[in-house]
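Peer 1: Residue numbers for the sequence shown follow the working numbering, beginning at 575 and rising by one.
One structure follows; several queries about it will come next.
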Amino acid sequence: MEDNVEEDFHSRDIGIKDDIDMTSAEEEIQNVDYETNVSEVDQVTANWIPMEHNLHEEPCTGDTGIKDDIDMTSEEMLNLDHETKVSEEDVVTAVRGSKPEIDMAPQTDQNVDDIYVWPWMGIVVNLPIELKDGKYVGSSGSKLKHEFTKQGFNPVRVRPLWNRDCYSGTAIVEFKKDWNGFYNAISFDKYFEADRLGKIDWRARKDHGSQIYGWVAQYDDYHDQGIIGENLRKFGDLKTVSGIEIEDERKTNTLMSDLSNVIEEKDKNIEEMKCKVEETSSALYKEIGEKEKLVDAYNEEIRKMQTETQIHLKKILLDHEKRRSDLESQREEIELHARKLEKRHAQSESERRKLIEEQEEISRKNNALQMATMAQKKADANVMRVVETHKLAKENLHKRIINLEKELEAKQAIELEIEQLRGSLKVMNLIGSEEDVDAQTKIKLMADKLEEKEGELQYLNETQVALIAKERESNDELVNARKELIEAFEEMSCEADVGIKKMGDLDIKPFQAACKRKHHDEVADDKAVKLCSLWDKHIRNPKWHPYKTVIINRENKEVIDPEDKKLKYLKNEFGNEVYDAVATALLELNEYNASGRYPVKQLWNFKEDRRATVKEGAMFILDKWKKKKQK
């Protein structure tokens, strides 16, 4: 049976898309003996190819106003008697020998031939029926769809219609909702009409034979009281071509208006983002330029210091060798003099005692000289070790600072590039659409590049952390060198420009002067010692916090609170000198040992009243050593 359907389609050697052009389609529509003109259909058929409006929204019943002009109510349309039983002997006769019952409603003022069922549908009748397993069956919907697709009609679906349990020999052909679907539906109608197998032929003939008839579903089919009309009313609605065009135009205008607003808003956002990117780039370039100037100045200062240090070390080594030679000459002279004294040992007793005394004196001098030489060697070793440690630490610190600066510059450059990539990526995302293949490719490449740059930034951050850790190690080495210098200075008791100062230690002199003003000289010193000891306990008490925070040069800094009760009493009772001594000790403790609140030793430049550098300490020891060698 399915083979018969296929042969029936292939027996018609008619190619719709090749043999029926737009003009012939219009002429055939005009030649049909309809009661109304087809001007609206002509307009659509002449323009259906370029018009590709997408009518995906399901129609709402009553939107076109067609049903308001029809006298028949929905209850009258659906008032069908579906309980009628059809015998097996009458099925073939009902399908092949007679046309479906059509209850034509009275025509209104509107031209009903311009009214179509939407979504576009076609009707196929007189399909082959065969008895199989005691049941009348026909071709499946997929088979019919395949045949119609081969003919070029491109249906969306074909729904065979059944009367209860038997096949009716009719089917509904559904087309797309757009204008291409309308074109296929009209072509479908003309295809059958060209072979005189259309709606008019179906109704005019009594003997339909085995040919298949078909036409496009319109107003009268929609109001058919049989299974065809029931199915059309269930899945479709009535609309005119002009009504659909008006609705399309309205939707298009609305869409264009919305798209214009969206594009305008996106353009505004893009301009704002460009301004922000330019501002950020300008600020970063400016900061990088200032950083480069600071780095150049710092590098120049480091080079000068290194040159001066090398020259000074060479002078120290030359002077050290000269002093060593002088000590050796003095030792030889003493030994020569000792031998001469031994030769005169046989002289008188007085001379002998004198010789013994001279020998003892020489021995003492020799021992003192040896001790001085040993001490000098020890001091030389300590100084050279400190100088070498300081030099290595300086070099390592300089190298790490340079590496950090390079890493920082690379990091800033990558951050700038990442910000620019992010801005560009956002702009591309706003401008590009999903259908723009080139834009999507550029967006993907930019996203990959952004991911790569973020990976580089993470690597630079890790490297920077490692360099900072090494810098801390160098700082620890400098701290150790400072400790060794402090230990070396503790062995020296002489007063000099550079030495050891106990930070936070009270100066007793202001207390002595204040007590002498209040007491006799006999008891003033004892009173001063007791008063100084009392205030030393006060400043070491961590519970006492005579400070306040002020803003200096945009930075928070702790200073002495002059309104503290204890300090006000001290100032009023003993004067400004004692108050200044206590305030100085409190500030030193807060700066150098705020957590412990006890005095700590620091290398101090007494001449400039500031903390001495490691270089100044080493230079002072070397100068002192030179002076000793000259003596």
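Where is the CB? At the ideal position from N, CA and C, for every residue including glycine.
Decide if D798 is buried, meaning its Cβ has at least 16 other Cβ atoms within 10 Å, or exposed.
Peer 2: Here residue 798 refers to the residue found at position 224 when the sequence shown is read from its first residue. By the neighbour-count rule (16 or more Cβ atoms within 10 Å), D798 is buried.
Peer 1: Starting from the C-beta of F1085, find all residues in its chain whose C-beta is less than 7 Å away, skip the five residues before and the five after it, and write them out in chain order.
Peer 2: Counted from its first residue, the sequence shown places residue 1085 at position 511. Closer than 7 Å at the Cβ level, and outside the excluded window around F1085, lie A1102, L1105, C1106 and V1152.
Peer 1: Can at least three beta-carbon pairs, one atom from the segment 726–733 and one from the segment 744–755, be found at a separation below 8 Å?
Peer 2: Yes: the two stretches touch, three or more of their Cβ pairs being nearer than 8 Å.
Peer 1: Please list the terminal residues of the continuous alpha helix (DSSP H) segment that includes P1084.
Peer 2: As a working note, residue 1084 is residue 510 in the sequence shown. Start and end: K1083 to K1092.
Peer 1: E1182 lies in the beta strand (DSSP E); which residues open and close that run?
Peer 2: Stepping through the sequence shown from its first residue, residue 1182 is reached at position 608. Counting along the chain, E1182 falls outside any beta strand (DSSP E), and DSSP gives it neither H nor E.
Peer 1: Using the DSSP secondary-structure output, state which residues sit across from Q792 in a beta bridge.
Peer 2: The residue given as residue 792 occupies position 218 in the sequence shown. According to DSSP, Q792 bridges with Y690.
Peer 1: Helix, strand or coil for S1107? Go by DSSP, reduced to three states.
Peer 2: Counted from its first residue, the sequence shown places residue 1107 at position 533. Here S1107 sits in helix by DSSP.
Peer 1: Determine the direct distance from the alpha carbon of P702 to that of G755, and round the result to whole angstroms.
Peer 2: Reading the sequence shown from its first residue, position 181 is the one you call residue 755. Reading the sequence shown from its first residue, position 128 is the one you call residue 702. If you take the alpha carbons of G755 and P702, they lie about 26 Å apart.
Peer 1: DSSP three-state call for K1122: helix, strand or coil?
Peer 2: For this step, residue 1122 is matched to residue 548 along the sequence shown. Looking at K1122 - three-state DSSP - the assignment turns out to be strand.
Peer 1: Roughly how many angstroms lie between the CA atoms of A1192 and N1049, to the nearest whole one?
Peer 2: Counted from its first residue, the sequence shown places residue 1192 at position 618. Counted from its first residue, the sequence shown places residue 1049 at position 475. Using only the alpha carbons, I get a separation of about 17 Å.
Peer 1: Answer with buried or exposed for S742, where buried requires no fewer than 16 other C-beta atoms within 10 angstroms of its C-beta.
Peer 2: Against the sequence shown, residue 742 aligns to sequence position 168. Buried, by the Cβ-count rule.
Peer 1: Within 10 angstroms of the Cβ of D595, are there 16 or more other Cβ atoms? Answer buried if so, exposed if not.
Peer 2: Numbered from its first residue, the sequence shown carries residue 595 at position 21. Residue placement at D595 is poorly supported in this model, since its pLDDT is 42, which falls under 50; the coordinates are not used for a value here.
Peer 1: Return the residue from the list T744, K1076 and Q792 that minimises the CA-CA distance to V711.
Peer 2: Here residue 711 refers to the residue found at position 137 of the sequence shown. Taking only the C-alpha atoms, the option nearest V711 is T744.
Peer 1: Can K1198 and A1070 be called in contact, C-beta distance under 9 Å?
Peer 2: Residue 1198 sits at position 624 when you count from the first residue of the sequence shown. Residue 1070 sits at position 496 when you count from the first residue of the sequence shown. For K1198 and A1070, yes; Cβs fall inside 9 Å.
Peer 1: Beta-carbon within less than 8 Å of S855's beta-carbon, same chain only, minus the 5 sequence neighbours each way: which residues are those?
Peer 2: Stepping through the sequence shown from its first residue, residue 855 is reached at position 281. Excluding sequence neighbours, S855 sits near L990, E993 and Q994.
Peer 1: Check the DSSP bridge columns for T744 and list the partner residues they point to.
Peer 2: Working through the sequence shown from its first residue, we reach residue 744 at position 170. L735.
Peer 1: For K1122 and N1130, what's the separation of their Cα atoms in angstroms?
Peer 2: On the sequence shown, residue 1122 is found 548 positions in, with the first residue counted as 1. On the sequence shown, residue 1130 is found 556 positions in, with the first residue counted as 1. Rounded to whole angstroms, K1122 to N1130 spans 10 Å at the Cα level.
Peer 1: For N940 versus R898, is the C-beta spacing smaller than 9 Å?
Peer 2: Sequence index remark: in the sequence shown, residue 940 carries index 366 (1-based). Sequence index remark: in the sequence shown, residue 898 carries index 324 (1-based). Result no, Cβ atoms of N940 and R898 do not sit closer than 9 Å.
Peer 1: Specify, as a first and last residue, the run of the beta strand (DSSP E) that Y710 falls within.
Peer 2: In the sequence shown, counting from the first residue as 1, residue 710 sits at position 136. Segment K709 to V711, the beta strand (DSSP E) holding Y710.
Peer 1: Give the single residue among S716, N1035 and L1161 whose Cα lies nearest to the Cα of M1076.
Peer 2: On the sequence shown, position 502 is the one that residue 1076 refers to. The residue you asked about is not Met; residue 1076 is Lys in the sequence shown. The residue with the shortest Cα to Cα distance from K1076 is L1161.
Peer 1: Any idea if N1146 is buried or exposed, counting beta-carbon neighbours within 10 angstroms, 16 or more meaning buried?
Peer 2: Along the sequence shown, read from residue 1 onward, the residue named residue 1146 stands at position 572. Looking at its Cβ environment, which holds fewer than 16 other Cβ atoms inside 10 Å, N1146 is exposed.
Peer 1: Can you look up T1187 in the DSSP assignment and give me helix, strand or coil?
Peer 2: Sequence index remark: in the sequence shown, residue 1187 carries index 613 (1-based). If DSSP states are grouped into helix, strand and coil, T1187 belongs with coil.
Peer 1: List the residues that DSSP assigns as beta-bridge partners of K1175.
Peer 2: As a first step, residue 1175 is located in the sequence shown; it is residue number 601 there, counting from the start. Per DSSP, K1076.
Peer 1: Reducing DSSP to helix, strand and coil, say where N1164 ends up.
Peer 2: Locating residue 1164 in the sequence shown gives position 590, where the first residue counts as 1. In the structure shown, N1164 sits in a helix (DSSP, three-state: H, G or I).
Peer 1: Please determine, among R770, H782, I801 and E935, the residue with the shortest C-alpha to C-alpha distance to N737.
Peer 2: Here residue 737 corresponds to residue number 163 of the sequence shown, with the count starting at 1. Answer by Cα proximity: I801.
Peer 1: Would you check if the segment 690–698 and the segment 809–818 touch, i.e. whether three or more CB-CB distances between them fall below 8 Å?
Peer 2: Yes, the segment 809–818 is in contact with the segment 690–698.
Peer 1: Determine the direct distance from the alpha carbon of S903 to that of R1185, and round the result to whole angstroms.
Peer 2: As a first step, residue 1185 is located in the sequence shown; it is residue number 611 there, counting from the start. As a first step, residue 903 is located in the sequence shown; it is residue number 329 there, counting from the start. Near 41 Å, if we compare the C-alpha coordinates of S903 and R1185.
Peer 1: From what residue to what residue does the alpha helix (DSSP H) around D775 run?
Peer 2: By one-based count along the sequence shown, residue 775 stands at place 201. Residues K773 to A778.
Peer 1: Measure the alpha-carbon distance for L1031 versus K825 and round it to whole angstroms.
Peer 2: For the purposes of this step, residue 1031 is taken as the residue at position 457 of the sequence shown. For the purposes of this step, residue 825 is taken as the residue at position 251 of the sequence shown. Cα-Cα distance, rounded: 50 Å.
Peer 1: Based on the DSSP secondary-structure assignment, which residues constitute the bridge partners of M695?
Peer 2: Numbered from 1 along the sequence shown, position 121 holds the residue referred to as residue 695. DSSP lists E748 as partners of M695.
Peer 1: Taking Cβ to Cβ, would you say A759 is nearer than 9 Å to V790?
Peer 2: As a position in the sequence shown, residue 759 is number 185, starting the count at 1. As a position in the sequence shown, residue 790 is number 216, starting the count at 1. In this structure, V790 lies closer than 9 Å to A759 by Cβ.
Peer 1: Decide if P1116 is buried, meaning its Cβ has at least 16 other Cβ atoms within 10 Å, or exposed.
Peer 2: Within the sequence shown, numbered from 1, the residue matching residue 1116 stands at position 542. Flag for P1116 reads exposed.
Peer 1: Around the Cβ of C1089, are there at least 16 other Cβ atoms within 10 angstroms (buried) or fewer (exposed)?
Peer 2: In the sequence shown, counting from the first residue as 1, residue 1089 sits at position 515. Buried, by the Cβ-count rule.
Peer 1: Just checking my contact of Y765 with V699 at CB under 8 Å: how many whole Å lie between their CB atoms?
Peer 2: Counting from 1 along the sequence shown, the entry for residue 765 is found at position 191. Counting from 1 along the sequence shown, the entry for residue 699 is found at position 125. About 14 Å; that fails the 8 Å criterion.
Peer 1: Can you list, in chain order, the residues of its chain whose CB lies under 6 Å from that of E838, leaving out five sequence neighbours each side?
Peer 2: For the purposes of this step, residue 838 is identified with residue 264 of the sequence shown, where counting begins at 1. Answer for E838: no residue qualifies.
Peer 1: Any idea if S937 is buried or exposed, counting beta-carbon neighbours within 10 angstroms, 16 or more meaning buried?
Peer 2: Position 363 of the sequence shown, counted from the first residue, corresponds to residue 937. It is exposed - the Cβ of S937 has fewer than 16 other Cβ atoms within 10 Å.
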